[in-house]
Every structure is written in structure tokens, then in C-alpha cells.
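Just so we're aligned, residue 318 is where the sequence shown starts under the numbering used here, counting upward by one.
Note that the Cβ used here is the ideal one computed from N, Cα and C, for glycine as well.
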Amino acid sequence: MKKKKKFFGLKKVRIIASDNLWEPISLSLLLDQELSKAVDVIGAHYPGTTTVMEALKTQKKLWSSEDYSTFNDEVGGGCWARILNQNYVNGLMTATISWNLVASYYEDLPYGRDGLMTAEEPWSGNYVVESPIWITAHTTQFAQPGWTYLQTVGHLEKGGSYVALTDGKGNLTVVIETMAHDHSWCIRPPLPPYNLTSQNATFQLKGSFASIKELQVWRSRFDFKTKKPSFFEKLAPLKPSEGWFTLSLGEDEVYTLTTITTGQKGCYPEPPPPAPFPHLYKDDFNIANPFFSEAPYFADQTGVFEYYINLTDPGPHVFTLRQVVTQKPVTWAADADQTISVIGNYQWQNLSVTCDVFMESVKTGGVFIAARVDKGGMSVRNTKGVFYWVFADGTYKVTNDLGRYLSSPTCPVNTCRGCDGTRDVTVYQSYLYTELDIHFSCYI
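The following block contains the structure:
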């Protein structure tokens with residue numbers, strides 16, 4: 318692999334392996350010199366702030382290459398504060414990558430609001446800057462890639478942790494967190510119990526940092542009792558006395574002490590109010606030069622649907638949405654065998670769905686439209702709802718699941734009318750007009 322990178326001029330590309338657990342990749346790197354030469358970073362997912370001895374022995378950089386994935390309320394912010402510090406304190410991981418950065422998908426899909434902020438209503442423009450954004454700023458505004466962690470990091474006497482970073486040019490940033498157990502658990506792995514109480518913590522700056530005369534102070538205070546948190550507040554500068562200073566630390570607080578003076582909380586416009594997905598919605602995909610390949614509001618769960626200009630069509634279907642994955646790839650999740658993209662509101666019950674569809678395969682294959690779809694993501698294979706299938710051989714079927722296991726008898730398209738909650742099916746040239754009406758209160 319390393320030779321191929323060099324051959325294709327990709328010498329600056331680095332390989333992170335194996336985006337899973339610490340093992341077996343760590344032991345494999347110790348036993349295989351060629352593999353070790355090819356891999357630059359060991360990346361583990363959701364390591365729980367710890368690593369393993371074999372990973373340390375490789376002397377590779379250690380990353381938490383996927384972490385967090387926790388509902389972004391204030392407990393989620395506490396989770397993020399704790400692991401950002403303790404991934405290095407406990408596990409010597411120098412990078413922590415959040416999955417995901419922005420929760421910009423339907424909240425009823427798996428892992429709703431598991432992002433650092435929320436922007437899940439593009440139709441309304443509403444967004445929410447959640448607490449994990451400000452917790453991120455405690456580190457990212459005062460340290461940049463290329464800074465190094467100092468060896469003097471650790472746990473506070475009465476709970477919590479601290480890290481120190483430098484750019485090697487005299488600048489220093491110290492980040493302290495005092496998150497209580499019940500206010501900082503993450504979605505995975507389970508968090509072992511520990512105790513934390515308010516405390517006075519005394520620090521001493523040594524070596525070249527002993528001459529620092531002033532540190533900028535930024536604080537976040539969650540305040541779970543009063544429900545009146547304050548995030549990323551700039552406090553009065555701290556002036557060490559001969560390198561010494563003491564902080565009074567309460568529970569559930571995050572402090573940044575830094576020589577960097579450019580920190581800024583910033584501001585953002587008041588977002589529009591939230592609103593449900595429009596009850597009446599249509600899209601003809603009539604965009605010659607779309608900004609993105611995906612159509613607005615569609616969330617692909619299996620397969621990929623993209624804008625497509627069909628220049629061979631003389632009629633109204635030049636602009637279309639096309640499923641472009643023709644073979645199922647190798648996947649690690651139990652995704653569906655059928656391609657599916659969802660749109661709308663999970664609370665809808667009685668509704669009509671219409672769509673003009675075209676099957677590029679003349680004799681095989683088919684399409685479906687569905688309503689009341691209740692699952693997505695890794696659970697999409699087991700979704701229930703009302704699925705109206707039309708097949709290239711001229712038959713159709715109505716089922717209450719994606720697997721087509723529970724179904725009505727298959728009928729010729731031109732002989733059945735109004736079966737199982739459906740209306741007429743009419744063929745217009747090579748396009749098929751399909752409509753699904755749902756007007757009852759239980760699944761078929």
C-alpha cells in the first residue's frame with residue numbers, strides 16, 4: 318500500500334488503521350514490519366478514554382478516530398468535555414473526532430441529535446448551537462494542529478482532569494474539566510463510577526512557562542441544579558505569582574487558561590423558528606446546475622439517489638432523481654437489500670404519495686413508494702409501513718414491510734383497481750404514474 322501511494326504521487330496521504338478496536342491492529346503492527354511502515358496512526362472507535370499496551374508499544378500516534386455520538390443536551394456536552402481531556406490523560410490519544418459534527422438529518426432516524434450542534438430543518442432554517450460547540454471551543458480556539466501535549470497532565474485530587482498544550486514558541490493552553498459522572502456519560506462504552514466534589518486546585522508553571530505573567534481565562538458552567546448554564550464566558554485574566562496560581566473549581570465546569578489572546582465567543586443571527594415538514598410538498602428536480610448531487614430533504618438510507626438530466630426524454634422528465642448504485646457494496650451494517658430514501662415527517666398517518674417512476678431494466682426489477690416508514694439507518698432492513706411495489710413485469714404488490722414478506726397477492730397492473738389502499742396505476746409511455754393513498758389507522 319505504501320508503495321502504491323508513492324507510485325500515484327500520494328506520499329503526503331497518511332493511513333489510519335483500523336477504525337475499529339485497538340486490537341488486532343496493534344498486535345499486527347508489532348508483528349508485521351511492512352504493515353507498520355504503511356500505517357501512520359492507530360485509530361480506535363469509542364475507546365472509553367483508554368488504550369492498550371500493544372498500541373503504546375508501536376509508538377504510533379493514537380487517535381480516537383470516532384467518538385462522542387451522544388445526544389447533544391447538556392449531558393452530551395459533559396460527555397464531550399470529559400473525553401476531550403481524558404482521551405489524552407488516560408489513553409495518550411492526540412486527536413478525538415466527533416461523530417457527528419452537525420446533526421443535520423431527521424431526528425427520528427437513529428442517533429437523532431448526536432452532533433455537536435443541531436440543524437435538522439432545512440425547510441425552516443432553524444438551528445440550535447448546542448453546548449458541545451462551546452466545549453469544543455475551549456480547546457480548538459486556543460490550540461491548533463501541530464501543538465503538542467505536555468507530559469504534565471493528569472487527574473485532579475477530587476475528580477476531573479487537566480491537560481496542557483504548547484506550540485513550542487512559548488504559548489501555553491491549559492484545559493480543566495470537572496464533570497460529574499451522571500452529567501458526562503456517553504452513549505458508549507459504559508462509564509465506570511467515580512466521585513467528584515468541588516475543590517481548590519493549585520498549579521505551578523515551571524521551566525520556560527514560569528515567566529508567564531498573565532493567563533486569559535474562559536469558563537463554562539453547566540449548573541444542572543438551576544438549569545441556568547453559562548458557556549464559554551471570558552473572565553478576568555489570571556496573574557500567576559512566581560508561577561503559582563489557585564483555582565476554585567465547582568462541579569461540572571470547564572476552564573481554559575491560555576496565553577492566546579484571540580479567543581472570541583462570537584455571535585450568530587437568531588435562527589428562524591422551528592416548523593414541521595410542509596404538509597404539501599412536491600419536487601420536479603428541475604435544476605440544471607444543482608449545488609449538490611442530492612435533492613433537498615431526501616435522506617438516503619440504502620443506495621444513492623442523485624440529480625440526473627435525462628437528455629433522451631422528449632417529454633416532461635428531462636430532470637429526474639436517479640438511483641445510481643447498481644450493485645450492493647460490501648457493508649458493515651445490516652442495511653436493506655432494497656434501495657430506499659426517506660423524506661417527510663415520521664408523525665404523518667393519513668396521506669397521499671405520488672411519483673412518476675421509470676424502470677431502466679425492461680424485464681426485471683421494480684420500484685416502490687411507501688408511507689408510515691418507521692425506521693431508518695442500520696434498522697432500515699426491519700422497517701414497517703405501507704409499501705406499494707410496481708414491477709417491470711407489469712405486476713404490483715402491497716406489503717407492510719421492506720422485505721416484501723407480508724404481502725397481498727401479486728396482481729397484474731392493468732387488472733386491479735383500488736386494491737389494499739391503492740388507486741389506479743396508469744402507464745404513460747415509458748414512465749409509470751404511481752399513487753399511494755393511506756386513509757386508515759393501522760398497518761395492513
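- With contact defined as three or more Cβ pairs closer than 8 angstroms, the region 564-578 and the region 527-534 are in contact.
- Leaving aside the five residues that flank Pro590 on each side, the residues in its chain whose CB is nearer than 8 angstroms to its CB run, in chain order, Ser441, Asn443.
- DSSP places Phe541 outside both helix and strand once states are collapsed to three, so it counts as coil.
- Relative to Leu668, the option among Thr637, Ala688, Ile604 whose CA is nearest is Ala688.
- With fewer than 16 other Cβ atoms from the protein chains shown falling within 10 Å of its own Cβ, Gln376 counts as exposed.
- For Met434, no alpha helix (DSSP H) encloses it; the enclosing beta strand (DSSP E) starts and ends at 434-438.
- For a cut-off of 8 angstroms, the C-beta gap from Tyr363 to Pro507 is around 11 angstroms, too long to register as a contact.
- Your pair Phe526 and His500 does not check out as a contact, with CB atoms roughly 31 angstroms apart and the cut at 8 angstroms.
- Across the structure, Lys556 and Lys475 are spaced so that their CA atoms are roughly 24 angstroms apart.
- Counting only runs that start and end inside the region 431-506, the alpha helix (DSSP H) elements of at least 4 residues fall at 448-457.
- Here DSSP, grouped into helix, strand and coil, assigns Leu352 to helix.
- Taken in chain order, the whole beta strand (DSSP E) runs of length 3 or more contained in the region 613-681 are 616-619, 622-626, 636-640, 657-659, 668-674.
- Annotation: the continuous alpha helix (DSSP H) that includes Asn402 extends over 391-408.
- Between Val674 and Tyr624, the gap from beta carbon to beta carbon reaches 9 angstroms or more.
- Just measuring C-alpha positions, the residue of Asp691, Gly711, Glu371, Asp710 sitting nearest Phe704 is Asp691.
- Judged by DSSP secondary structure, Glu570 falls within the beta strand (DSSP E) whose first and last residues are 570-575.
- One alpha carbon belongs to Glu752, the other to Lys329, and they sit about 53 angstroms apart.
- In this structure, the alpha-carbon of Asp349 lies about 10 angstroms from that of Ala355.
- The Cβ atoms of Val641 and Phe622 lie closer than 9 angstroms to each other.
- Annotated as distal: Ala412 and Lys374, with beta-carbon spacing of 9 angstroms or more.
- In the three-state scheme derived from DSSP, where H, G and I count as helix and E and B as strand, Val697 is classed as helix.
- Per the coordinates, the alpha-carbon of Trp416 lies some 28 angstroms from the alpha-carbon of Arg639.
- In chain order, Gly429, Arg430, Asp431, Ile504 place their CB closer than 8 angstroms to the CB of Phe388, counting only its own chain and leaving out the 5 sequence neighbours on each side.
- The shortest CA-to-CA distance from Tyr466 to any of Leu482, Thr456, Thr457 is the one to Leu482.
- In this structure, Asn337 and Thr366 do not form a Cβ contact; the two beta carbons are roughly 17 angstroms apart against a cut-off of 8 angstroms.
- Linking Thr543 to Val392 through their CA atoms gives a straight-line distance of about 15 angstroms.
- Burial state of Ala653 is buried, judged by a 10 Å Cβ sphere holding 16 or more other Cβ atoms.
- When only Cα atoms are considered, Leu344 and Ala398 end up about 31 angstroms apart.
- By the C-beta density criterion, Asn603 is exposed, having fewer than 16 other C-beta atoms within 10 angstroms.
- Burial check for Val470: the Cβ neighbour count within 10 Å reaches 16 or more, so the residue is buried.
- Per DSSP, Ala372 is one residue of the alpha helix (DSSP H) stretching across 370-374.
- Judged by beta-carbon spacing, Phe609 lies beyond the 9 angstroms limit of Gly661, meaning their Cβ atoms are not closer than that value.
- Assignment of Lys322 by DSSP, reduced to helix, strand and coil, places it in the helix class.
- Looking only at Thr435, Tyr422, Glu371, Lys321, the smallest Cα-Cα distance to Gln618 is reached by Tyr422.
- Going by beta carbons, Gly694 and Leu426 fall inside the 9 angstroms limit.
- Scanning its chain for C-beta atoms nearer than 6 angstroms, with the 5 sequence neighbours on each side dropped, one finds around Ala518 the residues Leu473, Leu564, Leu566, in chain order.
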